[in-house]
Amino acid sequence: MSSSEMFRAVKAGDLARVKELLAQEPGLVHVRDREMSTPLHWAAWKDQPGIIDVLLDEGAEIQTHNENNHWGTTPLHAAAHGNNPRAVAALLRRGADVNALKSDGTGTPLAETKVHNATAAAKLLRAAGAVE
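Be aware that the sequence shown starts at 1, since it is given in the numbering used here, and climbs by one per residue.
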């Protein structure tokens, strides 16, 4: 198994393949790409709530940071930036910090919603107590 297979499956939204890969190699839940994103970051960015739940069930770290300052550094930042309400809801339901700061100490998930006028994500974040 390779990390590239895991990232391909997550990005494609192939829940069955993600489960299969994790059954064969549980450590794939923690792999990182060149920007230090995990499969959970990509599931958030691609609005894949089912995959988010599987990854978290398998030990993914919900507050992990990457080095992608474009869409934020936690999975919740990524989901918020992409206006992915299903992913935002899944991450919040599983305990993501609604007011987490990016790894450089700036910017909350709610702040990320302003980049692309991500109103659906912003509404969920505000309802969960987000501040800017």
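Glycine included, each C-beta is placed from N, C-alpha and C at the ideal position.
Close beta carbons around residue i, own chain, < 6 Å, minus the five adjacent residues each side
| i | result |
| --- | --- |
| ALA96 | ILE62 and LEU76 |
Boundaries (first-last residue) of the alpha helix (DSSP H) holding residue i
| i | result |
| --- | --- |
| HIS77 | 75-81 |
| GLY27 | Note, GLY27: premise wrong, no alpha helix (DSSP H); not H, not E. |
| TRP45 | 39-45 |
| ILE52 | 49-57 |
| THR119 | 119-127 |
| VAL10 | 3-12 |
| GLU112 | 109-112 |
| VAL88 | 85-93 |
Nearest residue (CA-CA) to residue i, options the options
| i | options | result |
| --- | --- | --- |
| ALA130 | GLY105, ALA100, VAL115 and THR119 | ALA100 |
| ALA80 | GLY50, VAL54, ALA44 and ASP57 | ALA44 |
| LYS102 | HIS65, THR38 and LEU22 | HIS65 |
| HIS30 | ASP57, ASP14, LEU125 and ALA128 | ASP57 |
| MET36 | VAL88, LEU22 and THR74 | THR74 |
| PRO49 | GLU25, ARG86 and GLU20 | ARG86 |
| ALA90 | LEU124, ASN68, ASP104 and THR106 | LEU124 |
| GLY105 | GLU67, ALA128 and HIS116 | GLU67 |
| LYS11 | THR38, ALA23 and GLY27 | THR38 |
Beta-carbon proximity of residue i to residue j, cut-off 9 Å
| i | j | result |
| --- | --- | --- |
| ARG32 | SER3 | yes |
| GLU112 | ALA118 | yes |
| ASP53 | ASN84 | no |
| ARG126 | LEU110 | yes |
| ILE51 | VAL88 | no |
Beta-carbon contacts of residue i that lie in its chain and below 7 Å, excluding the five residues immediately before and after
| i | result |
| --- | --- |
| ALA78 | HIS41, ALA44, TRP45, TRP71 and GLY72 |
| ALA122 | LEU110 and THR113 |
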